[in-house]
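Engineer: The following block contains the structure, expressed as structure tokens.
Numbering (the working numbering), first residue to last: 39 to 196.
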């Protein structure tokens with residue numbers, strides 16, 4: 039009876055994703071052998087949600103990837119502008135990108151189209167995670183399997 043109550047009443051703590059595994063695997067997928075050091079010094083992993091700050095010369099971005107929304111059967115790799123990329127599709131909100139001015143102020147809604155045109159970056163709740171691959175595809179897929187074990191995502195037969 040006690041074991042039954044623990045499994046039924048406390049599924050979150052018992053089934054929570056290991057943030058250390060997710061952090062290491064996602065850091066490797068995004069940053070290669072240098073991991074998070076080459077992506078962002080400001081990141082947080084909470085179960086299947088990974089949040090990090092990034093940016094360019096014009097804007098800063100807060101990116102949140104939620105691997106519990108991933109459809110791992112949809113993973114594709116291919117070249118975009120001469121760089122090999124991995125794309126993971128999933129439920130809307132699998133990736134959320136929020137832009138900020140360099141002074142830390144959020145970009146107003148009426149300026150988002152201009153920000154998108156200037157950066158080539160889509161903002162808001164997206165249905166794909168896309169990133170360049172800096173190491174071999176087989177190594178990135180191995181890291182992705184670690185993420186999938188912790189964050190099973192959306193199930194799909196195909």
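Virtual Cβ for every residue (Gly too), placed ideally from N, Cα, C.
Contact defined as beta carbons within less than 8 Å: I believe residue 182 pairs with residue 67. What is the distance between those atoms, to the nearest angstrom?
Structural biologist: Their Cβ separation, rounded to whole angstroms, is 6 Å, which keeps residue 182 and residue 67 in contact under 8 Å.
Engineer: Below 8 Å CB to CB, which residues in the same chain sit around residue 169 once its five sequence neighbours on both sides are set aside?
Structural biologist: 67, 68, 123, 124, listed in sequence order.
Engineer: In this structure, what does DSSP give as the bridge partners for residue 128?
Structural biologist: Answer by DSSP bridge pairing, in chain order: 108.
Engineer: Using alpha carbons as the reference points, say which of 187, 180, 101, 192 lies closest to residue 162.
Structural biologist: Selected option, being the one with the closest Cα: 101.
Engineer: Pick from 107, 70, 159, 195: whose alpha carbon is nearest that of residue 86?
Structural biologist: Checked all of 107, 70, 159, 195; the closest Cα to residue 86 is 107.
Engineer: List the endpoints of the continuous beta strand (DSSP E) containing residue 168.
Structural biologist: Taken as a continuous stretch (DSSP letters only), the beta strand (DSSP E) holding residue 168 covers 166-170.
Engineer: Check residue 184 in the structure and name its three-state DSSP category.
Structural biologist: Here residue 184 sits in helix by DSSP.
Engineer: Could you check if residue 54 is buried or exposed, using at least 16 other CB atoms within 10 Å of its CB as the buried criterion?
Structural biologist: That one is exposed.
Engineer: With C-beta atoms as the reference, is residue 192 less than 8 Å away from residue 84?
Structural biologist: Cβ distance not < 8 Å, so residue 192 and residue 84 don't count as in contact.
Engineer: Under the three-state reduction of DSSP, which class applies to residue 162: helix, strand or coil?
Structural biologist: Of the three classes helix, strand and coil, the one that applies to residue 162 here is strand, per DSSP.
Engineer: If you run the structure through DSSP and keep just helix, strand and coil, what is residue 135?
Structural biologist: Strand at residue 135.
Engineer: What is the rounded straight-line gap between the Cα of residue 113 and the Cα of residue 160?
Structural biologist: Whole-angstrom Cα-Cα distance: 19 Å.
Engineer: Buried or exposed: which applies to residue 133, given that a residue is buried once 16 or more other Cβ atoms fall within 10 Å of its Cβ?
Structural biologist: Label assigned to residue 133: buried.
Engineer: Is residue 172 close to chain C, meaning its C-beta is less than 8 Å from at least one C-beta of that chain?
Structural biologist: Within the model displayed, chain C is absent; a lone protein chain is all it includes.
Engineer: I'd like to check one pair, residue 135 with residue 155: are the Cβ atoms closer than 8 Å?
Structural biologist: Contact flag unset, no.
Engineer: In this structure, does DSSP put residue 75 in helix, strand or coil?
Structural biologist: In the structure shown, residue 75 sits in a helix (DSSP, three-state: H, G or I).
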